[in-house]
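Student:
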Amino acid sequence: MNCKLQFIVNKEHVAWTDLIDTYKIDSKSKTTRSTYVQNYARTPQPQQLSENASEIFSHTVAAAIKSAQELGQLKSTTSFATATFIENINNIFDALNSRVLRDANPYKRPLSIYNSKTEDVLEAGLVLFENIEVYENNRQRKNIYCLKGFQCTIKAILLLWNKLKKEQVKYLLTNFTNQDPLENVFSVVRNCSGYNPNPTIRQFRISMERIISIRLKSNLGNSNCEIDDSEHLDLDVDIPMANNESNSEMSGNISFLRQVSELNKSSNIENSEKVIQNKENIGPIPEKPTLELSSNIYVAGYLAHTLLKHHDCEICKPIILKSDNASINKSEYFCFKRTTVVTNLFIS
Numbered sequence: 013m014n015c016k017l018q019f020i021v022n023k024e025h026v027a028w029t030d031l032i033d034t035y036k037i038d039s040k041s042k043t044t045r046s047t048y049v050q051n052y053a054r055t056p057q058p059q060q061l062s063e064n065a066s067e068i069f070s071h072t073v074a075a076a077i078k079s080a081q082e083l084g085q086l087k088s089t090t091s092f093a094t095a096t097f098i099e100n101i102n103n104i105f106d107a108l109n110s111r112v113l114r115d116a117n118p119y120k121r122p123l124s125i126y127n128s129k130t131e132d133v134l135e136a137g138l139v140l141f142e143n144i145e146v147y148e149n150n151r152q153r154k155n156i157y158c159l160k161g162f163q164c165t166i167k168a169i170l171l172l173w174n175k176l177k178k179e180q181v182k183y184l185l186t187n188f189t190n191q192d193p194l195e196n197v198f199s200v201v202r203n204c205s206g207y208n209p210n211p212t213i214r215q216f217r218i219s220m221e222r223i224i225s226i227r228l229k230s231n232l233g234n235s236n237c238e239i240d241d242s243e244h245l246d247l248d249v250d251i252p253m254a255n256n257e258s259n260s261e262m263s264g265n266i267s268f269l270r271q272v273s274e275l276n277k278s279s280n281i282e283n284s285e286k287v288i289q290n291k292e293n294i295g296p297i298p299e300k301p302t303l304e305l306s307s308n309i310y311v312a313g314y315l316a317h318t319l320l321k322h323h324d325c326e327i328c329k330p331i332i333l334k335s336d337n338a339s340i341n342k343s344e345y346f347c348f349k350r351t352t353v354v355t356n357l358f359i360s
């Protein structure tokens, strides 16, 4: 990222420093949310792969910036506009990479005659890129070709979809039209009959027939836009305690969790009631909300959801859950920002 460039999106400033400051706040916690940003926060690189861009322009990074702002840890007048811009680019990335008919992410569903949401996102993306202004040394730059490239890509997909709709096609998975499958196919074609970097039309047709007939075409297992999320949490790290009080709170928490785990081995209701009565041993939640505390609550909620999904235990529910009617406090900002799907196409 060229730090000398200034971006104005819809008449609002978008600052790279907001992402850097959020990373600095996030890096001080033991449960980080923006690990992908660390290399760029330290040494911004002038050239980036699309894989790196998809990591930065993600819903998680946008949620971290918004949470840090609302918790008062990030003091910036441009942070909301920056997070909104990142969120919008993430939605466009998702709309351009739909792979299955029914995706849990509403922005990553295919173009369809039954659902116009993806088409509306792409049309709104055209307007977004048209309203991006780039300045360097107080002079507007007109040679940022990636902005025009995005517009050409979106227009081409929308034109193709309008053509397919007239031919009674009901769905279009946009991932089939992006660069990754094309690069894979062309690389196989160039390898036919030796190294042929510039095949003629006749050679290309013959190569395609040969590839299809003997099934030499093999799709990549991944892409240069997304990475495998199969990373494991490092849970065996020794956490230093600040004082004896912290040690007693941690030992109380561990003791309580061990008692709860023993309930899985026995269905003794009397023991269960004793554990419930002793749940006051859990250490108190810090009064001052932080981004780290908000992330911990998000992880705890996910674990509770997974546990109760497989073991619907009425005894465990009052221990690990609270009422749905309880208002969201500041310590739950990241959980709210991370999981909420806005109804509007773009956040204004």
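To convert, note that position 146 of the sequence shown is 158 in my numbering; the numbers rise steadily by one, no gaps.
Glycine is no exception: its CB is placed at the ideal position from the N, C-alpha and C atoms.
1) Taking the Cβ atom as the reference point for each residue, do Arg111 and Asn187 lie within a distance shorter than 7 angstroms?
2) Could you pull the DSSP bridge partners for Leu86 from this structure?
3) Contact between the stretch 124-135 and the stretch 68-75: three or more CB pairs below 8 angstroms?
4) Report the partner residues of Leu123 according to the DSSP bridge assignment.
5) Starting from Val112, trace the alpha helix (DSSP H) in both directions and tell me its first and last residue.
6) Work out the CA separation of Phe92 and Arg214 for me, nearest whole Å.
7) Would you tell me roughly how many angstroms separate the C-alpha atoms of Arg114 and Leu320, rounded to the nearest one?
8) Measure the C-alpha to C-alpha separation of Ala135 and Ile327 and round it to an integer number of angstroms.
9) Can you round the beta-carbon distance between Ile104 and Val133 to whole angstroms, since I take them to be within the 8 angstroms contact cut?
10) Helix, strand or coil for Asn255 per DSSP?
11) From Ala116 to Gln18, what does the alpha carbon distance come to, in whole angstroms?
12) State the Cα-Cα distance for the pair Lys23 and Asn208, rounded to the nearest angstrom.
13) Specify, as a first and last residue, the run of the alpha helix (DSSP H) that Tyr207 falls within.
14) Determine, using beta carbons only, whether Leu86 and Thr29 come nearer to each other than 7 angstroms.
15) Measure how close the beta-carbons of Leu108 and Asn190 come, nearest whole angstrom, since I'm counting them as under 8 angstroms.
16) Could you have a look at His323 and say whether DSSP puts it in helix, strand or coil?
17) Return the Cβ separation of Leu138 and Lys167 in integer angstroms, given the expectation that the two are a contact with Cβ distance under 8 angstroms.
18) Does the Cβ-Cβ distance between Ser219 and Val197 come in under 7 angstroms?
19) What does the alpha-carbon distance come out to for the pair Tyr310 and Ala316?
20) Tell me, please, which residues DSSP counts as bridged to His71.
Tutor: So, from the listed chains and residues:
1) yes
2) DSSP output for Leu86 lists no bridge partner at all.
3) no
4) Leu184
5) First-last for Val112: undefined, no H or E at that position.
6) 54 angstroms
7) 25 angstroms
8) Checking the sequence shown, residue 135 turns out to be Glu, not Ala. Their backbone Cα atoms lie some 50 angstroms apart in a straight line.
9) 7 angstroms
10) At Asn255 the pLDDT is 49, less than 50, meaning the model places this residue with poor confidence; the figure from the coordinates comes in the next sentence. Coil.
11) 35 angstroms
12) 49 angstroms
13) From DSSP, Tyr207 is part of no alpha helix (DSSP H); its letter is neither H nor E.
14) no
15) 6 angstroms
16) coil
17) 7 angstroms
18) no
19) 10 angstroms
20) According to DSSP, His71 bridges with nothing at all.
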